[in-house]
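For the sequence shown, position 83 matches number 82 in numbering that gives the first Met the number 0, and the numbering has no gaps at all.
Note that CB positions come from ideal geometry on N, CA and C, so glycine has one too.
Quick caveat: nothing in here was measured; it's all calculated off a predicted structure.
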Amino acid sequence: MRPHAIKDLKGYDNRPNPLAAATPEQFVARMRDFWAWSGEWSYRELEQFSGGRVSRSNFHATLTGSDLPKYMVLCAFISACGGDEDELQRWVTAWRQLRMSPGGEAAPTLRLVHSTEAESAEQEEAE
Numbered sequence: 000m001r002p003h004a005i006k007d008l009k010g011y012d013n014r015p016n017p018l019a020a021a022t023p024e025q026f027v028a029r030m031r032d033f034w035a036w037s038g039e040w041s042y043r044e045l046e047q048f049s050g051g052r053v054s055r056s057n058f059h060a061t062l063t064g065s066d067l068p069k070y071m072v073l074c075a076f077i078s079a080c081g082g083d084e085d086e087l088q089r090w091v092t093a094w095r096q097l098r099m100s101p102g103g104e105a106a107p108t109l110r111l112v113h114s115t116e117a118e119s120a121e122q123e124e125a126e
């Protein structure tokens, strides 16, 4: 059974922001932070939760390395850590930002745009 990431209490958002990563190394560091935030599952559990799409040794190599992971590994990782579709979208956007930038450096940090007034008000309260 795949875990469900429990969101932080309203007014708190301790999730790592992948959109702030300016280099592949920073991106992988944020992946490690997300792994800790979601419960720091073992590599064996990540393999199980990914449905075997990614091996535990591949998860280990990704999280202990500094290279941008392959797209499929990233998607399996976020899903295995209990991330929902919105979470996956944040990470894929950041991955694309780095992957498609010349020289491996990201464009300036992106800011999450809220689609509803309620989400926007929550963000303003948090800042």
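- Taking C-alpha positions only, Phe-48 is separated from Asp-7 by approximately 22 angstroms.
- In this structure, the CA atom of Pro-68 is about 23 angstroms from the CA atom of Asn-13.
- Annotation for His-59: the continuous alpha helix (DSSP H) segment containing it runs 55-63.
- In this model, Glu-46 and Ala-75 are separated by some 9 angstroms (Cα to Cα).
- DSSP places Leu-67 outside both helix and strand once states are collapsed to three, so it counts as coil.
- Of all alpha-carbon atoms in Ser-41, Gln-25, Gly-10, the one lying nearest the alpha-carbon of Cys-80 is that of Ser-41.
- For the set Glu-39, Met-30, Gly-10, the Cα lying nearest the Cα of Asp-66 is the one of Met-30.
- DSSP places Thr-22 outside both helix and strand once states are collapsed to three, so it counts as coil.
- When only Cα atoms are considered, Leu-87 and Pro-101 end up about 23 angstroms apart.
- Nearest C-alpha to Ile-5 among Phe-58, His-59, Phe-33: Phe-33.
- Taking a cut-off of 8 angstroms on C-beta distances, the stretch 9-25 touches the stretch 91-99, as three or more cross pairs fall below it.
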